[in-house]
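S.K.: Protein sequences, first through last, are from chains W and F. Whatever position you read off the first sequence (first residue = 1), add 177 for the numbering used here. Whatever position you read off the second sequence (first residue = 1), add 1 for the numbering used here. Built from N, CA and C at the ideal position, the CB exists for glycine as well. Values in this document were obtained by computation on a predicted structure and should not be read as measured data.
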Amino acid sequence: MNVTVKTPATVVHRPTAHDSAAKHVSGNADYVDDLKSPDGTLHAYLGLSQRAHAKVKRLDLSKVWQAPGVVAVLTSADVPGVNDISPVGKHDDPIFSDSEVQFFGQPMFAVVAHTRDQARRAAKLAEVDYEDLPAALSIDEAIAAGSELVTEPLTLKRGDVEAGMKGAPHVLSGEMVIGGQEHFYLEGHVAMAIPGEDEDVTVFSSTQHPSEVQHMVAHALGVKSASVTVNIRRMGGGFGGKETQANLFAAVAAIAAKHTGQAVKIRPDRDDDMTATGKRHDFKATYKVGFDDNGKIHAVDATFAANAGFSADLSGPVSDRALFHADNAYFFPAVHLNSLPLKTNTVSNTAFRGFGGPQGLIGGERMIEEIAYALGMDPLDVRKANFYGIGERNVTPYHQEVTDNIVARLVEDLEQSSDYRARRQTIIDFNARGGVIRKGIALTPVKFGISFTATWYNQAGALVHVYRDGSVHLNHGGTEMGQGLNIKVAQVVADEFGLTLDDVKITATNTDKVPNTSATAASSGSDLNAMAAADACRQIKSRLAEYVAEKYGEPASDVTFENGAVMLRNHHLDWQTIVSEAYMARIHLSAAGYYKTPGIHWDRNKGQGRPFYYFAYGASVSEVSIDTLTGEYQVDRVDILHDVGKSLNPAVDLGQVEGGFIQGMGWLTTEELKWNDKGMLTTHAPSTYKIPLASDVPRVFNVRLAEWSENVERTIRRSKAVGEPPLMLAVSVVEALSMAVASVANYKVCPRLNTPVTPERVLMAVTRLSAEGPSE
Amino acid sequence: MAVRNTVRFWLNDELVELDKLGPAETLLDFLRLDRKLRGTKEGCAEGDCGACTVLVGRLNGDNLIYETVNACIRFVASLDGCHVVSVEHLSASGTLNVVQQAMVDQHGSQCGFCTPGIVMSLYQLWMENPNPDDLVIEQALQGNLCRCTGYAPIVRAAKSAAEQGGQAADALVAMRDETINRLKDLRDGARVEIDGPGGKLVLPADVDDLAALLSEHPKATIVAGATDVGLWVTKFMRDIAPAVFIGHLDQLKSIAVGPDSVTIGAGVSYSAFWPVVREKLPQLDLFWSRIGGQQVRNMGTIGGNIANGSPIGDTPPALIALGAAITLRKGDKRRFVPLEEFFIAYGKQDREPGEFVESVSIPYPDAGDHFAVYKISKRRDEDISALCGAFRISLDDEGKVASARIAFGGMAATPKRAKAVEMALVGQSWTAETVAVALDRFDADFQPISDMRASAEYRALSAKNLLRRFHLETTGQQVQLSRGAA
Ligand SMILES: Cc1cc2nc3c(=O)[nH]c(=O)nc-3n(C[C@@H](O)[C@@H](O)[C@H](O)COP(=O)(O)OP(=O)(O)OC[C@H]3O[C@@H](n4cnc5c(N)ncnc54)[C@H](O)[C@@H]3O)c2cc1C
Ligand code: FES
Ligand code: FES
């Protein structure tokens with residue numbers, strides 16, 4: 178049999194364009210709001226609380242009912258099942274508030290009308306009498322008021338901290354306020370529910386977690402999960418903001434759809450989206466660190482208080498992850514870390530790229546910085562003095578051994594390639610001239626633990642069909658939000674079958690194809706789903722191999738799949754032909770694949786285990802200039818070296834590193850969330866909430882993947898997760914700003930910048946240091 | 002006078018004629034809901050994210066210019082006589098155009114939601130500027146947010162598209178003459194008037210007609226570029242009917258460059274004025290690049306910025322420092338008002354019902370004057386000022402301050418002069434010591450407030466420091482950050 182050899186099938190490890198790129202650029206990629214909706218689709222809109230904490234004395238919706246186009250008005254009484262969407266089963270997350278509102282912006286009711294505009298206008302017409310109750314609007318207020326914790330706190334302990342502090346030549350303590358962050362996915366929340374027969378409903382939801390949406394919708398409707406189908410082809414960004422926060426919109430759409438018997442779409446305006454949905458937690462880190470003259474840490478004692486908002490949501494695991502990353506890349510001989518997930522009367526904070534890790538990491542890095550200023554050292558030397566060792570000094574505060582440590586090599590490589598030392602000296606000389614403009618430079622590393630700390634989340638499924646014409650239908654439980662998950666999984670599938678990407682059809686994530694999926698989160702998307710898809714491919718391949726082996730009387734183990742062909746010894750069999758033959762021979766050409774991460778376990782009560790399968794590493798050098806008259810600054814140059822193991826798709830991974838860094842930089846610089854004294858978010862739109870623009874990108878931006886790296890664990894093609902870790906590379910921007918500020922007091926005082934480091938914070942720090950610090 | 006009861010424009014390859022149109026209907030809703038052209042996205046509905054960017058082509062004399070605009074705050078009525086190009090048009094032939102292909106090749110999209118808008122901005126840049134440097138590319142992207150990519154691949158795509166060229170073969174470029182004719186055919190000199198369910202909208206035939214209309218409907222909402230009014234509708238759901246649109250009036254777009262001053266019609270956009278800024282008021286060039294983003298500069302007018310009366314509008318401080326004056330017109334009566342007297346109190350200007358801003362006269366600084374304007378905002382570009390300070394002094398032969406005009410936005414309920422500070426300077430030697438004394442006078446002029454953009458303390462302190470910066474700059478020191486090209 179003759180074979181036509183197609184283009185080389187090695188499609189993994191190649192810089193391959195996003196599968197939807199051509200559709201993105203031509204406007205042909207459909208998001209939920211772009212889908213063709215059924216005739217008569219109605220539109221829902223939420224009515225939001227105008228108080229942070231109050232008893233609802235009277236909720237008069239008669240004017241809402243009377244508004245033009247209104248078809249239905251729904252309150253907690255209209256929820257057929259349970260009025261709750263708590264993702265952690267705490268029953269503290271109502272869909273609609275009842276007798277009490279707990280934050281400014283909490284949904285109280287929904288109005289359903291013929292057009293979105295009608296519903297939106299009607300939602301403004303509610304008449305509400307509130308009786309204010311005491312409200313804690315910040316971490317400090319919550320601590321002062323003795324607020325409860327939304328979930329059990331976590332403690333991590335290793336070694337004798339008291340003895341460590343006593344034995345340390347120096348001890349210092351301090352605190353750092355770390356601001357939150359709005360996700361600002363460009364596509365806001367949106368859901369469309371279409372009622373079906375019996376109890377059925379299909380929900381198109383912009384969600385990172387379709388299975389959870391399915392379960393929440395079922396819970397809210399009081400029906401079985403099997404009656405609910407959730408579909409998502411792509412999101413216009415998620416970043417964690419659509420991990421649990423999509424539940425609300427999906428539930429409301431579904432309730433309204435069942436209530437009215439019509440399809441219902443809900444899409445809040447950007448201001449309402451930002452007001453009513455959770456953000457990255459703001460934190461306050463309080464630390465005490467003992468160290469010696471060489472900057473070596475002896476002991477660390479720190480508490481990470483998190484603003485959980487009014488409900489638990491994911492605040493438990495988020496504040497846990499802060500503790501897991503307070504060590505970053507450093508060995509703490511004795512350590513005691515505490516989390517404090519505080520209940521407040523703000524929106525319930527949620528997952529956001531890094532999931533608490535960034536807040537923990539920057540708190541840890543602040544200690545390093547403090548030590549450096551206290552000792553007059555280059556912070557890089559303090560870092561190096563404390564890096565985890567190889568085979569020694571390698572146990573984390575949660576008692577997991579770090580066995581894949583490449584931080585020293587990575588940092589060494591970057592230190593050289595960025596010319597860090599010489600540039601730092603040039604900057605010190607520049608600053609010594611005492612001008613208005615000051616500069617700073619910093620090199621900070623990242624070590625990030627990969628796996629969900631909720632161990633059962635580390636599983637995934639995939640569904641692969643091969644059709645008679647040889648085309649491959651790929652489905653898996655992960656969701657596409659721009660991170661390039663689908664193309665990576667498709668590359669693996671094409672490679673498994675020896676086909677090209679054109680042969681593999683990527684399909685929308687759907688709960689009726691792959692059940693019980695985990696959120697696409699924790700950077701785990703391709704680690705889990707590509708493995709599950711590969712498993713499905715291998716099942717089909719082994720059936721085909723057996724068929725071919727039998728046909729030629731050769732061993733099945735000799736069958737390979739390459740270049741669009743199935744090969745066995747000297748038999749080259751065209752893929753399409755063999756597939757259609759196999760079908761005729763009644764070979765099953767569909768498989769459900771499955772994967773679970775091996776070797777991980779975690780005992781939260783003890784604070785011990787191996788929560789992470791492996792670590793991803795990175796490092797960055799940032800150089801900045803500040804204007805000491807106004808606090809304005811710019812990031813002049815950034816060099817990044819990042820570890821993605823053996824990259825499945827270097828183009829996608831580079832995009833994650835560049836994009837993650839800039840998003841992290843936004844978090845730490847211009848993205849400031851502000852609430853007024855009524856608890857109302859005042860930065861609720863892009864006019865007031867400023868994410869980075871093209872002109873904020875460092876003028877020189879050198880980003881490299883550590884090509885020499887390979888995952889020591891048997892991950893998919895030895896790659897590493899990349900979604901979250903690069904965000905934390907932006908910590909070097911804060912430290913560089915800090916150095917520039919510190920120059921006004923001859924680097925004798927650690928500026929202790931809180932984040933975000935806005936121009937205002939820079940100027941105020943310059944003023945403070947000029948007053949209190951030694952003159953130059 | 003001829004009256005037409007329809008709004009007519011070209012949308013991609015199709016002539017659109019609408020007779021049932023509300024004044025507040027936005028182009029974005031029209032595209033997405035009415036025409037089912039869903040490539041154009043909504044990210045914010047307030048002109049800040051650029052996901053809704055489309056091109057609007059209009060005749061400027063006999064010339065056809067395409068500009069990027071935010072469809073979310075652009076009212077359909079204002080498109081009469083224009084050519085709207087949405088992203089669907091770019092690959093109508095079935096193949097991606099150069100810019101689109103460059104975005105694919107450079108991995109310029111991740112989630113893809115910002116992408117259609119980015120493509121439109123880059124496409125406009127590519128048509129207009131075959132050889133943009135980094136700064137120009139960034140400027141073209143000031144009005145486009147991307148949350149995923151970190152922009153680096155988008156900037157690479159812009160460069161790669163420029164390297165490939167191919168403009169002449171582009172469909173829109175090739176169609177230029179045809180489009181000019183199409184748009185000329187739409188010009189009938191008629192007043193456009195639609196009185197539909199959404200209320201009344203009027204596009205006056207000319208400025209005299211405008212004056213007459215406003216006398217007749219003194220409560221009508223004047224809509225120029227709609228970069229403020231658009232948000233009244235999309236964010237506050239305010240009723241703007243009856244609305245009188247003025248963006249199409251060529252007479253209000255005149256720019257008369259004189260020897261000592263320039264007089265502009267109230268309808269001159271930031272973009273249209275920029276070349277004059279570069280030539281006659283180069284001290285404002287950098288500042289100009291920091292007003293809004295490209296789309297907002299294309300739409301927004303200086304007249305609207307003034308008439309809006311906001312304490313944080315960016316042009317009033319500069320114009321007050323320059324001693325600008327405006328012409329207000331009601332019917333056939335005209336008044337000439339120094340700009341600083343126009344702003345009476347928060348939300349209150351010296352403008353009578355039925356009166357409109359017809360033109361703005363802007364004197365150039367005298368030769369030898371020192372003049373600078375500084376904007377302070379959280380983010381450098383496309384942000385609203387926390388404060389904005391304009392400084393102009395002239396020195397006599399002995400180096401003493403002969404005159405001083407200093408004005409601030411964001412420091413009081415209106416754009417306001419710093420008269421106490423000025424007094425402390427005038428007659429004194431222009432030295433650091435004089436400046437130090439004058440700094441104390443700021444507190445007599447301003448008691449700023451705290452809001453989400455800045456605290457009162459920061460405003461007060463940085464306002465003072467801007468005077469110090471101004472002084473240092475007049476002594477020839479380089480004290481501002483500059484984002485030079487790579
Ligand atoms: C994303 C974004 C960014 C922005 N950034 C900035 C910025 O950096 N700096 C800044 O200063 N502003 C900024 N603005 C606001 C700025 O664009 C407006 O103030 C603009 O200048 C107003 O002009 P317009 O033509 O759009 O006015 P419109 O919105 O059409 O009208 C504004 C007001 O002026 C009235 N009006 C308009 N023309 C006349 C006239 N001839 N006579 C009488 N009344 C009239 C209108 O009735 C209305 O009350 C921004 C706006 C947006 C949406
Ligand atoms: S939708 Fe954001 S600018 Fe128009
Ligand atoms: S690609 Fe997602 S916002 Fe730009």
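How would you list, in chain order, the residues of chain F whose beta-carbon sits under 9 Å from the beta-carbon of Ile614 (chain W)?
M.R.: Taking the first sequence and counting its residues from 1, one reaches residue 614 (chain W) at position 437. Residues of chain F whose Cβ lies closer than 9 Å to the Cβ of Ile614 (chain W) are, in chain order, Gln479, Val480, Gln481 and Leu482.
S.K.: Decide yes or no for the touch test of the region 241-249 of chain F against the region 219-232 of chain F: beta carbon pairs closer than 8 Å, at least 3 of them.
M.R.: yes
S.K.: Just how far apart, CA to CA, sit Arg297 (chain W) and Ala397 (chain W)?
M.R.: Sequence index remark: in the first sequence, residue 297 (chain W) carries index 120 (1-based). Sequence index remark: in the first sequence, residue 397 (chain W) carries index 220 (1-based). So the alpha carbons of these two residues sit roughly 23 Å apart.
S.K.: Quick check: is any heavy atom of ligand 1 less than 7 Å from the C-beta of Thr860 (chain W)?
M.R.: The residue given as residue 860 (chain W) occupies position 683 in the first sequence. Not so, every heavy atom of ligand 1 lies at least 7 Å from the Cβ.
S.K.: Got a sec, what are the start and stop residues for the alpha helix (DSSP H) Thr1 (chain F) sits in?
M.R.: Here chain F comprises residues numbered 2 to 487, so residue 1 (chain F) is not present and cannot be evaluated.
S.K.: Out of W:Ala290, W:Asp816, W:Asn408 and W:Ser886, state which residue places its alpha-carbon closest to the alpha-carbon of Pro875 (chain W).
M.R.: Along the first sequence, read from residue 1 onward, the residue named residue 875 (chain W) stands at position 698. It is W:Asp816 whose Cα lies nearest to the Cα of Pro875 (chain W).
S.K.: Please name the residues in the region 406-419 of chain W whose beta-carbon is closer than 9 Å to at least one beta-carbon of chain F, in chain order.
M.R.: Arg411, Met412, Gly413, Gly414, Gly415 and Phe416
S.K.: Taking only heavy atoms of ligand 3 into account, decide whether any of them is closer than 7 Å to the Cβ of Cys147 (chain F).
M.R.: Here residue 147 (chain F) corresponds to residue number 146 of the second sequence, with the count starting at 1. The answer is yes for Cys147 (chain F).
S.K.: Just checking my contact of Cys714 (chain W) with Glu657 (chain W) at CB under 8 Å: how many whole Å lie between their CB atoms?
M.R.: Counted from its first residue, the first sequence places residue 714 (chain W) at position 537. Counted from its first residue, the first sequence places residue 657 (chain W) at position 480. So it is not a contact: roughly 19 Å between Cβ atoms.
S.K.: Check whether the region 614-625 of chain W and the region 636-646 of chain W are in contact - that is, three or more C-beta pairs closer than 8 Å.
M.R.: no
S.K.: Listing by chain order, which chain F residues have their CB less than 8 Å from the CB of Arg645 (chain W)?
M.R.: Here residue 645 (chain W) refers to the residue found at position 468 of the first sequence. What Arg645 (chain W) touches in chain F: nothing, since even the nearest Cβ is about 29 Å away.
S.K.: Name the chain F residues that come within less than 7 Å of Leu238 (chain W), Cβ to Cβ?
M.R.: For this step, residue 238 (chain W) is matched to residue 61 along the first sequence. What Leu238 (chain W) touches in chain F: nothing, since even the nearest Cβ is about 18 Å away.
S.K.: For Lys665 (chain W), which residues does DSSP report across the bridge?
M.R.: The residue you call residue 665 (chain W) lines up with position 488 of the first sequence. Partner(s): none; Lys665 (chain W) has no beta bridge.
S.K.: Nearest chain W C-beta to Phe114 (chain F) closer than 8 Å, yes or no?
M.R.: Taking the first residue of the second sequence as 1, we reach residue 114 (chain F) at position 113. So, interface residue.
S.K.: For His819 (chain W), write down the residues that DSSP places opposite it in a beta bridge.
M.R.: As a position in the first sequence, residue 819 (chain W) is number 642, starting the count at 1. His819 (chain W) is bridged to W:Gly795 and W:Leu882.
S.K.: Using 8 Å as the cut-off, can you tell me whether the region 372-380 of chain W makes contact with the region 229-243 of chain W, which would need three or more C-beta pairs spanning the two stretches below that distance?
M.R.: Flag = no, the region 372-380 of chain W and the region 229-243 of chain W do not touch.
S.K.: So the beta strand (DSSP E) Leu514 (chain W) belongs to, where does it begin and stop?
M.R.: By one-based count along the first sequence, residue 514 (chain W) stands at place 337. First-last of the beta strand (DSSP E) with Leu514 (chain W): Ala511 to Lys520.
S.K.: Mind checking if Asn306 (chain F) is an interface residue toward chain W, Cβ cutoff 8 Å exclusive?
M.R.: The count along the second sequence starts at 1 and reaches residue 306 (chain F) at position 305. It does not: the Cβ of Asn306 (chain F) has no partner Cβ on chain W nearer than 8 Å.
S.K.: Nearest to Asp629 (chain W) by alpha carbon, out of W:Asp646, W:Gln391, W:Ile432 and W:Phe789?
M.R.: Locating residue 629 (chain W) in the first sequence gives position 452, where the first residue counts as 1. Asp is not the amino acid found at residue 629 (chain W); the sequence shown has Phe there. Nearest option by C-alpha distance: W:Phe789.
S.K.: Contact defined as beta carbons within less than 8 Å: I believe Lys520 (chain W) pairs with Leu326 (chain W). What is the distance between those atoms, to the nearest angstrom?
M.R.: Here residue 520 (chain W) refers to the residue found at position 343 when the first sequence is read from its first residue. Here residue 326 (chain W) refers to the residue found at position 149 when the first sequence is read from its first residue. Your pair Lys520 (chain W) and Leu326 (chain W) checks out as a contact, with CB atoms roughly 7 Å apart and the cut at 8 Å.
S.K.: By a C-beta neighbour count over all protein chains shown, 10 Å radius and 16 as the cutoff for buried, is Asn179 (chain W) buried or exposed?
M.R.: Indexing the first sequence from 1 puts residue 179 (chain W) at position 2. No answer about Asn179 (chain W) holds up, because its pLDDT of 37 lies below 50 and its placement is not dependable.
S.K.: Would DSSP call Asn71 (chain F) helix, strand or coil?
M.R.: Counting from one through the second sequence, the residue named residue 71 (chain F) turns up at place 70. Note: Asn71 (chain F) maps to strand in three-state DSSP.
S.K.: Pull the bridge partners of Lys682 (chain W) from the DSSP assignment, please.
M.R.: Taking the first residue of the first sequence as position 1, residue 682 (chain W) is located at position 505. Its beta-bridge partners are W:His650.
S.K.: Any heavy atom of ligand 3 closer than 7 Å to the CB of Phe114 (chain F)?
M.R.: Indexing the second sequence from 1 puts residue 114 (chain F) at position 113. Yes, ligand 3 has a heavy atom inside 7 Å of this Cβ.
S.K.: Could you round the C-beta distance between Val918 (chain W) and Val943 (chain W) to whole angstroms and report it? I think they count as a contact, below 8 Å.
M.R.: Position 741 of the first sequence, counted from the first residue, corresponds to residue 918 (chain W). Position 766 of the first sequence, counted from the first residue, corresponds to residue 943 (chain W). The Cβ separation is near 6 Å, so the contact holds.
S.K.: Should Val258 (chain F) be labelled buried (16 or more other beta-carbon atoms within 10 Å of its own) or exposed?
M.R.: On the second sequence, residue 258 (chain F) is found 257 positions in, with the first residue counted as 1. Exposed, because fewer than 16 other Cβ atoms sit within 10 Å of the Cβ of Val258 (chain F).
S.K.: In chain W, which residues lie less than 7 Å from Lys185 (chain F) when you measure between Cβ atoms?
M.R.: The residue you call residue 185 (chain F) lines up with position 184 of the second sequence. Residues of chain W passing the Cβ test: none, with the nearest at roughly 29 Å.
S.K.: Given this structure, state the Cα-to-Cα distance separating Val477 (chain W) from Lys925 (chain W), to the nearest angstrom.
M.R.: If you number the first sequence from 1, residue 477 (chain W) lands on position 300. If you number the first sequence from 1, residue 925 (chain W) lands on position 748. Straight-line Cα distance between these residues: approximately 22 Å.
S.K.: Please state whether the Cβ-Cβ distance between Gly144 (chain F) and Gln296 (chain F) is less than 8 Å.
M.R.: Taking the first residue of the second sequence as 1, we reach residue 144 (chain F) at position 143. Taking the first residue of the second sequence as 1, we reach residue 296 (chain F) at position 295. Yes; because the gap between Cβ atoms is below 8 Å, this pair is in contact.
S.K.: What in chain F is Cβ-close to His195 (chain W), meaning under 9 Å?
M.R.: Taking the first sequence and counting its residues from 1, the one referred to as residue 195 (chain W) is at position 18. Within 9 Å Cβ-Cβ: Val105, His108, Ser110, Gln111 and Gly113.
S.K.: Verify the contact flag: Ile345 (chain F), CB atom, against every heavy atom of ligand 1, threshold strictly below 7 Å.
M.R.: Numbered from 1 along the second sequence, position 344 holds the residue referred to as residue 345 (chain F). Not so, every heavy atom of ligand 1 lies at least 7 Å from the Cβ.
S.K.: So does the region 724-738 of chain W actually touch the region 645-662 of chain W, counting three or more Cβ pairs closer than 8 Å?
M.R.: no
S.K.: With a threshold of 8 Å between beta carbons, is Glu238 (chain F) in contact with chain W?
M.R.: As a working note, residue 238 (chain F) is residue 237 in the second sequence. The question names Glu, but residue 238 (chain F) is Met in the sequence shown. So, interface residue.
S.K.: Helix, strand or coil: how does DSSP classify Asn179 (chain W) here?
M.R.: Here residue 179 (chain W) corresponds to residue number 2 of the first sequence, with the count starting at 1. Summary for Asn179 (chain W): the model assigns pLDDT 37, below 50, so the residue's position carries little reliability; its value from the coordinates is reported in the next sentence. Coil, per DSSP.
S.K.: Using a cut-off of 7 Å between C-beta atoms, extract the partners of Pro150 (chain F) located in chain W.
M.R.: In the second sequence, the residue the question calls residue 150 (chain F) occupies position 149. Residue identity check: residue 150 (chain F) is Thr in the sequence provided, not Pro. Near Thr150 (chain F) (Cβ distances below 7 Å), the residues of chain W are Gly832, Glu835 and Gly836.
S.K.: Compare the beta carbon distance of Ile394 (chain F) and Asp367 (chain F) with 8 Å and say whether it is the shorter of the two.
M.R.: Here residue 394 (chain F) refers to the residue found at position 393 of the second sequence. Here residue 367 (chain F) refers to the residue found at position 366 of the second sequence. Taking 8 Å as the Cβ cut-off, Ile394 (chain F) and Asp367 (chain F) do not qualify as a contacting pair.
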